[in-house]
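Below: the structure, in structure tokens.
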Amino acid sequence: MKHKFIIFDWDGTLMDSIGRIVNCMQLVAEDLALNVPTSNEVKGIIGISLKPGIKKLFPDVSDEYVEKLFNGYKEHYLRLDNTPSPMFDGVEDMLEDLRSQGHQLAVATGKARRGLVRAWEHTGLSHYFVASRCADETLSKPNPDMLQQLLKESRFDIEDAVMIGDSIHDLKMAESIGMDRIGVSFGAATQEALEEYQPLTVSHDIPQLNNFIQAFNS
Numbered sequence: 169m170k171h172k173f174i175i176f177d178w179d180g181t182l183m184d185s186i187g188r189i190v191n192c193m194q195l196v197a198e199d200l201a202l203n204v205p206t207s208n209e210v211k212g213i214i215g216i217s218l219k220p221g222i223k224k225l226f227p228d229v230s231d232e233y234v235e236k237l238f239n240g241y242k243e244h245y246l247r248l249d250n251t252p253s254p255m256f257d258g259v260e261d262m263l264e265d266l267r268s269q270g271h272q273l274a275v276a277t278g279k280a281r282r283g284l285v286r287a288w289e290h291t292g293l294s295h296y297f298v299a300s301r302c303a304d305e306t307l308s309k310p311n312p313d314m315l316q317q318l319l320k321e322s323r324f325d326i327e328d329a330v331m332i333g334d335s336i337h338d339l340k341m342a343e344s345i346g347m348d349r350i351g352v353s354f355g356a357a358t359q360e361a362l363e364e365y366q367p368l369t370v371s372h373d374i375p376q377l378n379n380f381i382q383a384f385n386s
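Residue numbers (my numbering): 169 to 386.
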């Protein structure tokens, strides 16, 4: 087994939440009478921590407006927006398969800790993961800080691990430290954008991802 330690992004990789993220960011921009970003523009910041992502998306606004956008986005995401955010089909089966085969699983996410805990409470999937790092605990992706912390905590070498994500920030983060990486094309970034970071493969659905991991590690 090469990949003893498998690290997943959350939004757009395991949870189908991209539509909700895009909608909430567009709505808060509208609330504040700012230019509403396109869907692709919002997708481009998914994976980055929220405040750095807001600054990249709205580079000309003041710090005061960054705070308003930050708080308004959270209000929409947590209370006002009803866009469904289910797990992608096959996620729990994949996690069960990988764990039963002896892989250790972790999460490296642009969510804050409270957001990941909330998602775990809603989905009941926390027991599959031995470790996790969130955006409010480390430097933002694509800085590899959260991967390095996960490796240190779990006592794995870079060669033992693979990072799986839907955004270029996930793959860029792994590439910067020489970690294997796998892209998924059903989240934020296109296959073409992900392939620029030389992933082992780009999977188009969860069963295909599961099959690739198992075949690669057989």
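Cβ atoms here follow ideal geometry from the backbone N, Cα and C, with glycine treated the same way.
**Asked** What does a CB cutoff of less than 8 Å around residue 174 pick up in its chain, not counting 5 residues either side in sequence?
**Response** Position 6 of the sequence shown, counted from the first residue, corresponds to residue 174. Answer for residue 174: 266, 271, 272, 273, 274, 329, 330, 332 and 381, listed in chain order.
**Request:** Kindly indicate which residue of 342, 298 and 292 has the alpha-carbon position closest to the one of residue 315.
**Result:** Locating residue 315 in the sequence shown gives position 147, where the first residue counts as 1. Selected option, being the one with the closest Cα: 342.
**Asked** If you draw a straight line from the C-alpha of residue 204 to the C-alpha of residue 225, how long is it?
**Response** Position 36 of the sequence shown, counted from the first residue, corresponds to residue 204. Position 57 of the sequence shown, counted from the first residue, corresponds to residue 225. When rounded, the distance between both Cα atoms is 10 Å.
**Message:** Which residues does DSSP list as the beta-bridge partners of residue 370?
**Reply:** Translated into the one-based positions of the sequence shown, residue 370 becomes position 202. Residue 370 pairs with 351.
**Message:** Need the endpoints of the alpha helix (DSSP H) that residue 119 sits in, please.
**Reply:** Since the first and last residues shown for the chain are 169 and 386, residue 119 lies out of range.
**Message:** Would residue 184 and residue 262 qualify as a contact pair, given that the criterion is a beta-carbon distance under 9 Å?
**Reply:** Counting from 1 along the sequence shown, the entry for residue 184 is found at position 16. Counting from 1 along the sequence shown, the entry for residue 262 is found at position 94. In this structure, residue 262 does not lie closer than 9 Å to residue 184 by Cβ.
**Prompt:** In angstroms, rounded to a whole number, what distance separates the CA positions of residue 227 and residue 215?
**Reply:** Along the sequence shown, one-based indexing puts residue 227 at 59. Along the sequence shown, one-based indexing puts residue 215 at 47. Distance between the alpha carbons of residue 227 and residue 215 is about 18 Å.
**Message:** Assuming residue 268 is part of the alpha helix (DSSP H), what are its boundary residues?
**Reply:** Along the sequence shown, one-based indexing puts residue 268 at 100. It spans 259-268 - the alpha helix (DSSP H) in which residue 268 sits, taken as one unbroken run.
**Request:** Could you tell me whether the segment 179-196 touches the segment 236-252, where touching means 3 or more Cβ pairs closer than 8 Å?
**Result:** yes
**Prompt:** Where does residue 298 sit, in a helix, a strand or coil, going by DSSP?
**Reply:** What you label residue 298 is simply residue 130 of the sequence shown in a count that begins at 1. Here residue 298 sits in coil by DSSP.
**Message:** Need the endpoints of the alpha helix (DSSP H) that residue 342 sits in, please.
**Reply:** Counting from 1 along the sequence shown, the entry for residue 342 is found at position 174. 336-343 is the span of the alpha helix (DSSP H), which, as asked, contains residue 342.
**Request:** Taking residue 326 and residue 346 to be in contact with their CB atoms under 8 Å, please state how far apart those CB atoms are, rounded to whole angstroms.
**Result:** Within the sequence shown, numbered from 1, the residue matching residue 326 stands at position 158. Within the sequence shown, numbered from 1, the residue matching residue 346 stands at position 178. Sure, about 6 Å apart at Cβ, within 8 Å.
**Asked** Which of the three DSSP states, helix, strand or coil, is assigned to residue 187?
**Response** In the sequence shown, the residue the question calls residue 187 occupies position 19. Residue state, collapsed to three classes: helix.
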